[in-house]
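So the sequence shown is numbered by our numbering: it starts at 4 and just counts up by one. Input: a single structure, listed below in structure tokens.
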Amino acid sequence: MANSSADTETVFAYDHVDPYLVAGQQGDASDVHLGVSMPPLWRRYGRLEPIWSDAPALTAVDTERMAHAFLSEPQLARIAERGDVDFAYTPEFGRFRASVVRQRLGLDLVFRIINSRVRTMDELELPPHLKLLTQYHNGIVLVTGAVGSGKSTTLASLVEEVNRTRHDHIITLEDPIEYLFEPQGCHITQREVHAHTASFAAALRASLREDPDVIMVGEMRDLETIQLALTAAETGHLVLGTLHTGSAARTLDRVLDVFPTEQRGQIRVMLSESLRGIVSQQLVPRADGAGRVLALEILTNTPAVGNLIRDGKTFMLPGVMQTGKKQGMQLMDDALVELARQGIVAAEEAVARSEQRGVVRKSLGT
Numbered sequence: 004m005a006n007s008s009a010d011t012e013t014v015f016a017y018d019h020v021d022p023y024l025v026a027g028q029q030g031d032a033s034d035v036h037l038g039v040s041m042p043p044l045w046r047r048y049g050r051l052e053p054i055w056s057d058a059p060a061l062t063a064v065d066t067e068r069m070a071h072a073f074l075s076e077p078q079l080a081r082i083a084e085r086g087d088v089d090f091a092y093t094p095e096f097g098r099f100r101a102s103v104v105r106q107r108l109g110l111d112l113v114f115r116i117i118n119s120r121v122r123t124m125d126e127l128e129l130p131p132h133l134k135l136l137t138q139y140h141n142g143i144v145l146v147t148g149a150v151g152s153g154k155s156t157t158l159a160s161l162v163e164e165v166n167r168t169r170h171d172h173i174i175t176l177e178d179p180i181e182y183l184f185e186p187q188g189c190h191i192t193q194r195e196v197h198a199h200t201a202s203f204a205a206a207l208r209a210s211l212r213e214d215p216d217v218i219m220v221g222e223m224r225d226l227e228t229i230q231l232a233l234t235a236a237e238t239g240h241l242v243l244g245t246l247h248t249g250s251a252a253r254t255l256d257r258v259l260d261v262f263p264t265e266q267r268g269q270i271r272v273m274l275s276e277s278l279r280g281i282v283s284q285q286l287v288p289r290a291d292g293a294g295r296v297l298a299l300e301i302l303t304n305t306p307a308v309g310n311l312i313r314d315g316k317t318f319m320l321p322g323v324m325q326t327g328k329k330q331g332m333q334l335m336d337d338a339l340v341e342l343a344r345q346g347i348v349a350a351e352e353a354v355a356r357s358e359q360r361g362v363v364r365k366s367l368g369t
């Protein structure tokens with residue numbers, strides 16, 4: 004815990020969110036939760052726990068006061084009208100993705116702590132062959148995983164690799180803007196949904212008239228956005244996007260499922276030709292308790308993969324990925340087994356997070 008119970012009185016004299024966010028930064032947390040009837044919480048290494056031991060619960064008056072201290076008038080008006088607001092909060096000491104919602108007991112405030120410096124692919128220890136995905140001049144690359152699995156960090160590192168190695172126009176479409184990119188070889192335009200544009204789809208449609216080479220779509224969440232992203236990928240742009248899916252095969256099924264049945268044949272053909280790769284990821288607690296480690300599933304498009312997508316046989320992709328290691332492919336279960344064999348993660352953690360638990364258990368001899 005960040006402080007002993009002796010510090011509690013000082014901590015709860017705070018009328019502003021900033022001291023809690025500083026504590027979260029210093030404690031290496033990923034998120035800070037300030038909710039009614041709960042003590043201040045943080046998420047560290049995937050676990051939600053009190054920031055301070057024996058801390059009293061916040062009241063509705065506490066969270067209301069803190070919200071009014073840092074929200075702008077338009078943001079307060081949005082909460083009054085809709086009951087929630089999401090935005091990037093940028094005090095002098097850092098950058099945070101903020102979410103304020105009105106619930107039964109009052110206002111809850113949740114902050115994602117954003118590492119202000121964009122980390123490179125090498126710093127994240129991503130496989131070197133993933134850099135090949137940033138060298139295409141058209142097609143689509145998808146980074147997928149559950150909420151809090153590090154998708155935004157991986158996506159930002161891909162954009163930074165393009166920024167560092169190419170001389171192109173990059174447009175990022177985000178909700179909200181998280182990482183701030185400093186132009187290196189590229190011209191970079193960053194747009195925030197709600198602040199600079201009405202929706203991802205509207206921003207994506209507009210971006211096609213802005214002479215882009217690379218388009219980053221923070222979240223592909225609806226039919227129109229996915230359709231426009233695929234069209235952009237087909238018409239000479241490299242599109243980098245995210246989806247909340249847990250594996251390469253499920254990602255393709257999710258993309259297809261948003262389309263009407265009569266269009267899916269055409270979309271399968273488009274995907275088979277424009278897909279460059281899918282990176283699915285999890286952050287797994289380390290066995291020694293010192294943080295989390297990235298486990299990756301990687302699909303790269305080959306003639307065999309393209310044929311399966313075109314024929315609607317995505318259920319056969321794991322078999323192709325199992326034999327496609329020379330092309331840089333890897334199944335999540337194999338990544339988990341390797342991490343467990345190296346002693347980086349506990350065997351029971353690897354089994355719990357795997358697709359084929361019986362197979363993984365047998366591989367690890369548990």
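Glycine is no exception: its CB is placed at the ideal position from the N, C-alpha and C atoms. This structure is a prediction, so every number in the text was calculated from the model and none was measured.
Identify every residue that forms a DSSP beta bridge with VAL39. Position 36 of the sequence shown, counting from 1, holds the residue named residue 39. DSSP, once it has assigned bridges, lists LEU61 as partnering VAL39.
What's the call for VAL150, buried or exposed, on a 16-neighbour Cβ count within 10 Å? Here residue 150 is taken as the residue at index 147 of the sequence shown, counted from 1. So VAL150 counts as exposed.
Hey, would you say ALA251 sits closer than 8 Å to SER283, going by beta carbons? By 1-based counting over the sequence shown, the position of residue 251 is 248. By 1-based counting over the sequence shown, the position of residue 283 is 280. Cβ atoms of ALA251 and SER283: closer than 8 Å.
How many Å lie between GLY146 and LEU133 at the Cα? The residue given as residue 146 occupies position 143 in the sequence shown. The residue given as residue 133 occupies position 130 in the sequence shown. For the record, residue 146 in the displayed sequence is Val; it is not Gly. Rounded to the nearest angstrom, the two C-alpha atoms are 11 Å apart.
Would you report the Cα separation of GLU163 and ILE218, rounded to the nearest angstrom? Start at 1 with the first residue of the sequence shown, and residue 163 comes out as number 160. Start at 1 with the first residue of the sequence shown, and residue 218 comes out as number 215. In a straight line, the C-alpha of GLU163 is about 13 Å away from that of ILE218.
Would you list the one or two residues that DSSP bridges to ARG115? Counting from 1 along the sequence shown, the entry for residue 115 is found at position 112. Answer is ASP34, ARG100, bridged to ARG115.
State the beta-bridge partners of ARG47 as determined by DSSP. Residue numbering aside, residue 47 sits at position 44 when the sequence shown is read from its first letter. For ARG47, which the question treats as bridged, DSSP gives the partners ARG50.
Buried or exposed by the 16-neighbour rule on C-beta atoms within 10 Å, applied to PHE318: For this step, residue 318 is matched to residue 315 along the sequence shown. The residue is exposed, with fewer than 16 neighbouring Cβ atoms inside 10 Å.
Counterpart residues of GLU177 in DSSP-defined beta bridges: On the sequence shown, residue 177 is found 174 positions in, with the first residue counted as 1. DSSP output for GLU177 lists GLU195 as bridge partner(s).
Rounded distance between the beta-carbons of MET223 and LEU246, thought under 8 Å: Taking the sequence shown and counting its residues from 1, the one referred to as residue 246 is at position 243. Taking the sequence shown and counting its residues from 1, the one referred to as residue 223 is at position 220. Confirmed, about 6 Å.
Is the separation between the beta-carbon of VAL363 and that of ALA353 shorter than 8 Å? Indexing the sequence shown from 1 puts residue 363 at position 360. Indexing the sequence shown from 1 puts residue 353 at position 350. Taking 8 Å as the Cβ cut-off, VAL363 and ALA353 qualify as a contacting pair.
With distance defined between alpha-carbon atoms, name the residue in PRO43, ARG50, THR238 nearest to ASP57. Within the sequence shown, numbered from 1, the residue matching residue 57 stands at position 54. Of PRO43, ARG50, THR238, the residue nearest in Cα terms is PRO43.
Name the residue from THR200, ASN141, LEU334 whose alpha carbon lies nearest to the alpha carbon of THR238. Taking the first residue of the sequence shown as 1, we reach residue 238 at position 235. Nearest of THR200, ASN141, LEU334 to THR238, Cα basis: ASN141.
Mind checking which residues open and close the alpha helix (DSSP H) that includes SER152? Locating residue 152 in the sequence shown gives position 149, where the first residue counts as 1. Counting along the chain, SER152 falls outside any alpha helix (DSSP H), and DSSP gives it neither H nor E.
What are the boundary residues of the alpha helix (DSSP H) that includes ASP87? What you label residue 87 is simply residue 84 of the sequence shown in a count that begins at 1. Here ASP87 belongs to no alpha helix (DSSP H); instead the beta strand (DSSP E) covers 87-92.
Please work out which residues of its chain come closer than 8 Å, Cβ to Cβ, to HIS71, disregarding the five sequence neighbours upstream and downstream, and give them in chain order. Translated into positions along the sequence shown, residue 71 becomes position 68. Here the set comprises LEU79.
Separation of GLY109 from GLU67, as counted between CA atoms: The residue labelled residue 67 in the question sits at position 64 within the sequence shown. The residue labelled residue 109 in the question sits at position 106 within the sequence shown. If I take the Cα positions, the gap works out to 7 Å.
Leaving aside the five residues before and after SER152 along the sequence, list all residues of the same chain whose C-beta is less than 6 Å from its C-beta, in chain order. Taking the sequence shown and counting its residues from 1, the one referred to as residue 152 is at position 149. These residues qualify, in order along the chain: GLN284, GLN285, LEU286.
Spell out the partners DSSP gives PRO288 in its beta bridges. For this step, residue 288 is matched to residue 285 along the sequence shown. According to DSSP, PRO288 bridges with ARG295.
What is the DSSP secondary structure of SER160, counted as helix, strand or coil? Position 157 of the sequence shown, counted from the first residue, corresponds to residue 160. Helix, per DSSP.
What are the partner residues of GLY244, as DSSP defines its beta bridges? What you label residue 244 is simply residue 241 of the sequence shown in a count that begins at 1. Note: GLY244 sits in a beta bridge opposite LEU145, VAL220.
Nearest-angstrom Cα separation, counted from GLY188 out to VAL121: As a working note, residue 121 is residue 118 in the sequence shown. As a working note, residue 188 is residue 185 in the sequence shown. About 15 Å.
Assuming ILE117 and GLU181 are in contact, meaning their beta carbons sit under 8 Å apart, how far apart are those beta carbons, in whole angstroms? In the sequence shown, residue 117 corresponds to position 114, counting from 1. In the sequence shown, residue 181 corresponds to position 178, counting from 1. Indeed they touch by this definition, with Cβ atoms about 5 Å apart.
Would GLU300 and LEU334 be called neighbours here (beta carbons separated by less than 8 Å)? Within the sequence shown, the letter at position 297 stands for residue 300. Within the sequence shown, the letter at position 331 stands for residue 334. Yes. Within cutoff.
Do HIS240 and ASP225 come within 8 Å of each other at the CB atom, strictly closer than that value? In the sequence shown, counting from the first residue as 1, residue 225 sits at position 222. In the sequence shown, counting from the first residue as 1, residue 240 sits at position 237. In this structure, HIS240 does not lie closer than 8 Å to ASP225 by Cβ.
State the Cα-Cα distance for the pair HIS170 and GLU213, rounded to the nearest angstrom. Residue numbering aside, residue 170 sits at position 167 when the sequence shown is read from its first letter. Residue numbering aside, residue 213 sits at position 210 when the sequence shown is read from its first letter. Approximately 16 Å, taken between the alpha carbons.
Proximity winner among ALA91, ARG356, THR175, PRO263, relative to ARG232 (alpha-carbon distances): Start at 1 with the first residue of the sequence shown, and residue 232 comes out as number 229. With the sequence shown as reference, residue 232 is identified as Ala, and Arg is not the correct amino acid for it. It is THR175.
Residues in the same chain with beta-carbon distance under 7 Å from ARG295, minus the five sequence neighbours each way, listed in chain order, please. For the purposes of this step, residue 295 is identified with residue 292 of the sequence shown, where counting begins at 1. TYR48, GLY49, LEU286, VAL287, PRO288, ARG289, listed in sequence order.
Proximity to ILE270 [Cα-Cα], best of ARG279, ILE281, GLY280, LEU255: Numbered from 1 along the sequence shown, position 267 holds the residue referred to as residue 270. Cα-wise, what sits closest to ILE270 is LEU255.
Give me the Cα-Cα distance between HIS190 and THR137, rounded to the nearest whole angstrom. Your numbering for residue 190 matches position 187 in the sequence shown. Your numbering for residue 137 matches position 134 in the sequence shown. So the alpha carbons of these two residues sit roughly 16 Å apart.
On the DSSP bridge list, what partners appear for THR264? On the sequence shown, residue 264 is found 261 positions in, with the first residue counted as 1. Answer is none; THR264 lacks a bridge partner.
Quick test of your reading: VAL144 and ARG279, contact by CB under 8 Å. State the CB separation rounded to the nearest angstrom. Counted from its first residue, the sequence shown places residue 144 at position 141. Counted from its first residue, the sequence shown places residue 279 at position 276. Contact holds; Cβ gap of about 5 Å.
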